[in-house]
Amino acid sequence: MITTPADIELPARPVWPALKRGLRGFCPACGKGRIFYAYLKVNDLCPHCGEELFHQRADDMPPYVTMVIVGHFVVAGVILGQDLFPDLPDWPQMIVWPVAALLMSLWLLPRVKGALIAYQWALRMHGFGPETPDDRGFVGDGF
Ligand SMILES: [Zn+2]
Numbered sequence: 009m010i011t012t013p014a015d016i017e018l019p020a021r022p023v024w025p026a027l028k029r030g031l032r033g034f035c036p037a038c039g040k041g042r043i044f045y046a047y048l049k050v051n052d053l054c055p056h057c058g059e060e061l062f063h064q065r066a067d068d069m070p071p072y073v074t075m076v077i078v079g080h081f082v083v084a085g086v087i088l089g090q091d092l093f094p095d096l097p098d099w100p101q102m103i104v105w106p107v108a109a110l111l112m113s114l115w116l117l118p119r120v121k122g123a124l125i126a127y128q129w130a131l132r133m134h135g136f137g138p139e140t141p142d143d144r145g146f147v148g149d150g151f
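In my numbering, the protein residues as written are 9 to 151.
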């Protein structure tokens, strides 16, 4: 019988600790090395434990998730502002909420991206497990 990489039983990777580490921008495996070497640039390897992070395929998901979260706060804020201060002119809201949306997005985007990378790592998606071919077309760490 031939044993393939898909037959190998791998230890479980707990999702919640990995998500917490990713949210803080730390490696999902060790929690000590930084995921990013710049604002959204992912290290190929964890600088502390050497975990391969280049398998991540966060792609467009972090901006989508960030927009959904920020949009809920901003729309709720606009509606609440109009309800609480009905006599207030529109211009304060036209200044406050776009600036708030921009600042919240810039703050949240790397955290969401880190969490999504950690989620992919915990579930062994996109090359984080041995059963998936990586970018080079090889399975696992064959070399
Ligand atoms: Zn690490």
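The beta-carbon is built from N, C-alpha and C at its ideal position, and this holds for glycine as well. Nothing here was measured: the structure is a model prediction, and the numbers come from that model.
C-beta contact flag for residue i and residue j at 8 Å
i	j	result
residue 21	residue 109	no
residue 37	residue 127	no
residue 35	residue 56	yes
residue 118	residue 47	yes
residue 78	residue 53	no
Any non-hydrogen atom of ligand 1 closer than 7 Å to residue i Cβ
i	result
residue 60	no
residue 28	no
residue 89	no
residue 134	no
residue 63	no
residue 37	yes
Length of the line joining the Cα atoms of residue i and residue j
i	j	result
residue 123	residue 104	28 Å
residue 111	residue 74	12 Å
residue 120	residue 94	35 Å
residue 66	residue 125	6 Å
residue 151	residue 49	Residue confidence for residue 151 is low, a pLDDT of 46 falling below 50, so the modelled location carries little weight; the figure read from the coordinates is stated next. C-alpha separation (whole angstroms): 25 Å.
residue 45	residue 19	28 Å
residue 85	residue 33	28 Å
residue 69	residue 76	11 Å
residue 140	residue 59	Here residue 140 scores only 46 on pLDDT, less than 50, and its place in the model is too uncertain to base an answer on.
residue 42	residue 92	43 Å
residue 101	residue 81	13 Å
When the options are compared against residue i, the one with the closest alpha-carbon
i	options	result
residue 83	70, 106, 41 and 53	106
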